[in-house]
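The sequence shown: position 141 = 124 (my numbering), numbered continuously.
This report concerns only the one structure given below.
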Amino acid sequence: MEKELIAFEDVRQLAQKMHNAGLRELEWRGADWSVRLRYPSGKTMAEPPPLPPLAAETRPLSVCSPMPGRLLLSHPSHGEAFVSEGQHIAPNDILALVQVGPLYLPVRSPVAGTLKNLVAPAGSRLEYGSEIALLLPTDAASAKL
């Protein structure tokens, strides 16, 4: 003879219906089990006060290599560096190039901010995901990327 079982989802639905109906206590019995649900009498617990807004954190955002290759901080035909430390950066500004064979892939800024520092030196060999630069985003929402 199989025992009649109660599913947890049934208990959850029953508790919700009980709450919506304003019932404070309910007992449900089967052949081999029983469930008693009680809501506290009187007022339910008050909502906790909202947390104060967090101070805008300016955590550095890592900019990483899109592919393995060699890091170039300036274009080979121009001597001037793309960016320098402390410079304000707009979204999609080119920070560096990654040379993969004859190709030059741009490394772009994902957000607006200030270039904190260049982590990898010019000419260094990079792997996929190697950190190239650290940016300080201008808004806190961008820091969560």
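From the three backbone atoms N, C-alpha and C, an ideal C-beta is built for every residue, glycine too.
Here the alpha carbons of Thr121 and Val81 stand approximately 26 Å from one another. Assigned with DSSP and collapsed to three states, Val(-6) falls in helix.
Around the C-beta of Leu86, fewer than 16 other C-beta atoms lie within 10 Å, and the residue is accordingly described as exposed.
One alpha carbon belongs to Ala103, the other to Cys47, and they sit about 10 Å apart. In the structure shown, Ala4 adopts helical secondary structure according to DSSP, grouped into three states. Residue pairing of Val94 in beta bridges, as defined by DSSP: absent, with no partner found.
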